[in-house]
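S.K.: Dumping the structure here so I can ask a few things about it.
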Amino acid sequence: MPDDLLLRLRNFQDDYFPHHQQRFQDLVAQGQHPKTLFIGCSDSRLVPYLLTGAAPGELFLVRNVGAFVPPYDQSHGLHGTMAAIEFAVLSLQVEHIIVCGHSHCGAIRTAYEGAPDEAVALKAWLKLADEALLPVQPTREALHRTEQRVVVLQLERLMDYPMVRRAVEAGRLALHGWHYVIENGEVHVFDAEHGEFLPASRASHSGTGPYVPYVEHDGQILEI
């Protein structure tokens, strides 16, 4: 039986790497300076580099079940996601944070239907979605709405991180909420001003999270 993973490793080293060797060497010599923290669901159908067209060194990635952001008050314990957010904002000084959920999310469905008894950590983790759940049966429409509600909830939680709020209010950092619809290949971006998700094909921006200053046409910044 062929070892598919070994073949992929060899293909990377023999085919891809030689064409991009200088890029990787520069990233070692100069260090990483990504401008974007991408918090995405672990779902295998969500591929951040495909969605954003990013090259190596351009995205600082966090993947977890549901693309959740734990509360800063540590009421749900310490998590690697918290550490990644702190590192991205304080050390890397990223300019964008994207929270990306997606359609047909297994985490959201499981939050409604319940996880297996043996999945102790998963049960505790999915409680992070409780505030976004609807008091209805998990129909397709309810799941779709909840997926988007969960994204907005994570943006709100991000604003509870002091270093995030400070950077956002200073205009150094922008928050973006995305909902990737797998079946049609389109990302819907959250427009905080209008309180809705808009298809990227019709949106005028890549999404704005809570408390981003509103900029008038003459450049005047108005705090909202």
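Add 625 to the 1-based position in the sequence shown for the working numbering, that's all there is to it.
Where is the CB? At the ideal position from N, CA and C, for every residue including glycine.
#1: Taking the alpha-carbon positions, what's the F649 to A767 distance?
#2: Per DSSP, which residues does T661 bridge with? Please list them.
#3: Between F649 and chain D, is there a C-beta pair that is closer than 7 Å?
#4: Closest to A709 by C-alpha separation, out of K752, P659, D742 and T677, would be which residue?
#5: Measure the alpha-carbon distance for L747 versus G691 and round it to whole angstroms.
#6: Roughly how many angstroms separate the alpha carbons of R734 and V812, rounded to a whole number?
#7: Taking all protein chains shown into account, decide if E773 is buried (16 or more other Cβ within 10 angstroms of its Cβ) or exposed.
#8: Which residue marks the beginning of the beta strand (DSSP E) containing L800, and which one marks its end?
#9: For A754 and V775, which I take to be in contact (beta-carbon distance under 8 Å), what is that distance rounded to the nearest angstrom?
#10: Looking at the strands, I want to know which residues DSSP matches up with L823.
#11: Rounded C-beta distance between I722 and L800? I'm assuming under 8 Å.
#12: Please state if the CB of L783 and the CB of V789 are separated by a distance shorter than 7 Å.
#13: Taking 6 Å as the limit between beta carbons, can you name the residues of its chain near D843, skipping five residues before and five after?
#14: In terms of alpha-carbon separation, which member of R635, L780 and L823 lies closest to P697?
#15: Judging by CA-CA distance, which residue of F637, V793, E818 and F663 is the nearest neighbour of V694?
#16: Is it buried or exposed for F637, if we count other Cβ within 10 angstroms and need 16 for buried?
#17: Which of the three DSSP states is assigned to Q845 in this structure?
M.R.: In short, the structure shows the following:
#1: 44 Å
#2: L684 and H721
#3: Here chain D cannot be found, since the structure has a single protein chain.
#4: P659
#5: 11 Å
#6: 20 Å
#7: Sequence check: residue 773 is Gln here, not Glu. The residue is buried, with at least 16 neighbouring Cβ atoms inside 10 Å.
#8: A799 to V806
#9: 6 Å
#10: V814
#11: 5 Å
#12: yes
#13: Any reading at D843 needs caution, since the residue's pLDDT is 48, under 50, leaving its predicted position unreliable; the model's value is listed next. Within the same chain, D843 has no close Cβ partners at all.
#14: It is Tyr, not Pro, that sits at residue 697 in the sequence shown. With distances taken between Cα atoms, Y697 lies closest to L780.
#15: F663
#16: exposed
#17: The predicted position of Q845 is uncertain, since its pLDDT is 47 and thus under 50; no value can be drawn from it.
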